[in-house]
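Visitor: So that we are looking at the same thing, I have put the structure below in structure tokens.
2 protein chains.
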Amino acid sequence: MSKETKAKYSYDFPRASVTVDCVLFGLSEDKLKVLLIQRAHDPFAGKWALPGGFIEMEESLEASALRELEEETGLSKIYLEQLYTFGDCGRDPRGRTISVAYFALVQAAEHHAKGADDASAAEWFPVDKLPKLAFDHAKILDCALTRLRAKVRYQPIGFELLPRKFTLSQLQRLYELILGRELDKRNFRKKILGMSVLEELDEVEAGGARRPAKLYRFHRKQYDALVKQGFHFEI
Amino acid sequence: MSKETKAKYSYDFPRASVTVDCVLFGLSEDKLKVLLIQRAHDPFAGKWALPGGFIEMEESLEASALRELEEETGLSKIYLEQLYTFGDCGRDPRGRTISVAYFALVQAAEHHAKGADDASAAEWFPVDKLPKLAFDHAKILDCALTRLRAKVRYQPIGFELLPRKFTLSQLQRLYELILGRELDKRNFRKKILGMSVLEELDEVEAGGARRPAKLYRFHRKQYDALVKQGFHFEI
DNA sequence: CTGACTTAGTGTATTTTTTACACTTCTACA
DNA sequence: TGTAGAAGTGTAAAAAATACACTAAGTCAG
């Protein structure tokens with residue numbers, strides 16, 4: 001345990017390292033944001049990067065991603081979806097590294113990320129105002145954004161970005177942000193309510209010098225049931 | 001090179017193996033088929049499995065997949081798309097193995113696959129009549145089928161499965177096979193022709209005791225141009 | 001207390017898209 | 001030459017998507 005610092009694991013053939021990286025999207029200040037950490041160590045020390053790191057041997061890929069995320073940003077209990085696997089030869093100066101990328105949507109407001117472990121800082125950046133990223137993380141992020149835009153059209157994933165109780169205007173605004181275009185209020189409401197995946201609550205939004213809006217909640221069970229029946233959610 | 005058979009590559013931390021596996025779909029005898037190889041070696045010697053194997057260090061993931069495919073089945077020059085990465089702990093009895101799965105569509109008729117290398121045989125199996133598969137390959141195949149069914153709805157991928165020149169009836173039949181339901185002939189033609197991604201040829205189908213059908217060709221350039229304009233292909 | 005301000009909330013008419021549906025055409029072969 | 005068999009074609013009805021403008025409910029300032 002003292003001087004045995006190298007050559008502890010030997011194999012007949014060379015092996016690549018496997019890492020996981022997470023693209024976390026959040027919504028705050030009326031902007032779509034992504035969570036980045038500032039790297040504490042080389043390579044790319046001081047540079048911004050996606051949270052992530054090496055997998056452990058007795059952990060599934062997703063578990064690795066969740067662990068790294070918690071270690072570096074303090075965030076936990078997040079639903080991750082696998083995005084893509086990046087394995088080009090030159091992508092990591094330390095040697096051949098395969099990175100399995102995950103992405104997730106969270107309520108940025110609820111998650112005050114703080115840097116820890118291999119990260120000296122963690123911060124939410126607007127997706128249209130990003131710093132230069134380490135490794136090929138710009139490419140990974142780009143891939144995630146494309147996926148998000150495609151996905152939001154036919155899956156009700158947007159709900160993950162909002163507080164559990166939200167107004168229809170908030171929901172519409174979210175869709176407009178992700179899709180990058182305005183939607184008609186009446187048509188949006190008609191459509192989304194017609195899907196019966198929203199549960200109308202008996203509460204209204206507090207505060208503000210205007211008519212208070214009704215609050216709704218996403219009805220996941222109802223949604224899952226509809227999906228099973230072959231329902232096609234599409235905005 | 002003679003007795004140095006172990007411990008040639010050493011690392012400070014344990015590393016997982018990385019493999020690639022390919023799900024190749026083909027069309028023949030009016031059935032959707034998938035290409036399997038019979039494993040020549042342990043583990044699972046004699047069992048059917050997806051073609052695939054370990055990556056090399058100086059090869060991209062896709063290049064590895066193409067190489068393995070050629071080694072084991074003789075097929076080459078195929079457009080592969082990354083499907084998903086499978087990395088659960090118990091999936092390979094040899095130890096922790098991460099498999100990056102790819103999938104592709106080819107004209108089964110044109111590709112007389114023959115077993116070679118680590119495969120003692122290669123054969124096309126109808127997707128609804130599969131043998132028991134090695135590793136977690138049944139899961140991978142299932143994932144590929146789901147993806148294919150989802151994808152065929154909004155991308156004109158089916159064309160890869162047909163000969164370069166094909167009739168509208170063949171195309172319709174293909175869609176029916178993949179989607180698993182019948183389509184109306186007139187509506188199908190109206191829709192597909194309305195997309196202007198098919199080029200009508202001056203040839204007709206030969207042979208057969210019936211009215212010969214016009215031949216068409218997929219117009220990839222036209223399709224790519226439409227996609228750039230934000231065109232949404234959907235059957 | 002009331003009027004001004006701000007966002008919430010609502011319905012209908014038009015256009016477009018999707019669906020359902022049946023007969024004629026063309027060729028090979030008996 | 002006529003019969004078998006797939007190819008090929010149009011229209012009407014239903015459903016979905018779109019465009020569009022006013023009233024309602026609350027806060028706050030005066």
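Quick mapping for you: the protein sequence lines, in order, are chains A and B. Heads up, the first sequence is in this note's numbering, so the first residue is 1 and it goes up one at a time. Heads up, the second sequence is in this note's numbering, so the first residue is 1 and it goes up one at a time. Where a beta carbon is used, it is the ideal one built from N, C-alpha and C, also for glycine.
#1: Provide the residue(s) that pair with residue 22 of chain A in DSSP beta bridges, ordered along the chain.
#2: If you drop the 5 nearest sequence neighbours on each side, which residues of the same chain put their C-beta closer than 8 Å to that of residue 89 of chain A?
#3: Would you mind sorting residue 128 of chain B into buried or exposed? The rule is 16 or more other CB atoms within 10 Å of its CB.
#4: What is the rounded straight-line gap between the Cα of residue 78 of chain B and the Cα of residue 163 of chain B?
#5: Per DSSP, residue 49 of chain A is paired with what?
#6: Short of 8 Å in beta carbon distance, which residues of its chain neighbour residue 134 of chain A, apart from the five on each side in sequence? Order them along the chain.
#7: Using alpha carbons as the reference points, say which of B/148, B/227, B/7 lies closest to residue 26 of chain B.
#8: Which term fits residue 51 of chain B, buried or exposed, when burial requires 16 or more other beta carbons within 10 angstroms of its beta carbon?
#9: What is the DSSP secondary structure of residue 44 of chain B, counted as helix, strand or coil?
#10: If I measure Cβ to Cβ from residue 151 of chain B and keep anything under 7 Å in the same chain, skipping five residues before and after, which residues do I get?
#11: What is the DSSP secondary structure of residue 13 of chain B, reduced to helix, strand or coil?
#12: Quick one: grab the DSSP three-state call for residue 202 of chain B.
#13: Against chain A, does residue 196 of chain B count as a neighbour if the rule is that its beta carbon must be under 8 Å from one of theirs?
#14: Within 8 Å, do at least three Cβ pairs link the region 205-225 of chain A to the region 58-71 of chain B?
#15: Can you tell me whether residue 175 of chain A is helix, strand or coil according to DSSP?
#16: If you draw a straight line from the alpha carbon of residue 142 of chain A to that of residue 194 of chain B, how long is it in whole angstroms?
#17: Please confirm whether residue 18 of chain A has its beta-carbon closer than 8 Å to some beta-carbon of chain B.
#18: Just the chain B side, please: which residues come within less than 7 Å of residue 96 of chain A by C-beta, in chain order?
#19: Starting from residue 83 of chain A and walking both ways along the beta strand (DSSP E), at which residues does that stretch end?
Guide: Looking at the coordinates:
#1: Answer by DSSP bridge pairing, in chain order: A/102.
#2: Apart from the 5 residues on each side of it in sequence, residue 89 of chain A sits with its Cβ closer than 8 Å to the Cβ of 96 in its chain, given in chain order.
#3: Residue 128 of chain B is exposed by the Cβ-count criterion.
#4: Looking at the two C-alpha atoms, the distance is approximately 14 Å.
#5: According to DSSP, residue 49 of chain A bridges with A/37.
#6: Cβ contact annotation for residue 134 of chain A (same chain, cutoff 8 Å, sequence separation greater than five): 39, 43, 44, 47, 48, 49, in chain order.
#7: Residue 26 of chain B has its Cα closest to that of B/148, out of B/148, B/227, B/7.
#8: Buried: at least 16 other Cβ atoms inside 10 Å.
#9: In the three-state reduction of the DSSP assignment, residue 44 of chain B falls in the coil class.
#10: Only 157 meet the Cβ criterion.
#11: Residue 13 of chain B falls in the coil class under three-state DSSP.
#12: Correct three-state label for residue 202 of chain B: strand.
#13: No, its Cβ sits nowhere closer than 8 Å to a Cβ of chain A.
#14: With a cut-off of 8 Å, the region 205-225 of chain A and the region 58-71 of chain B do not count as touching, because too few Cβ pairs lie within range.
#15: Note: residue 175 of chain A maps to helix in three-state DSSP.
#16: Rounded to whole angstroms, the gap between the alpha carbons of residue 142 of chain A and residue 194 of chain B is 32 Å.
#17: At least one chain B Cβ lies under 8 Å of residue 18 of chain A.
#18: Near residue 96 of chain A (Cβ distances below 7 Å), the residues of chain B are 57.
#19: Residue 83 of chain A -> beta strand (DSSP E) spans 81-86.
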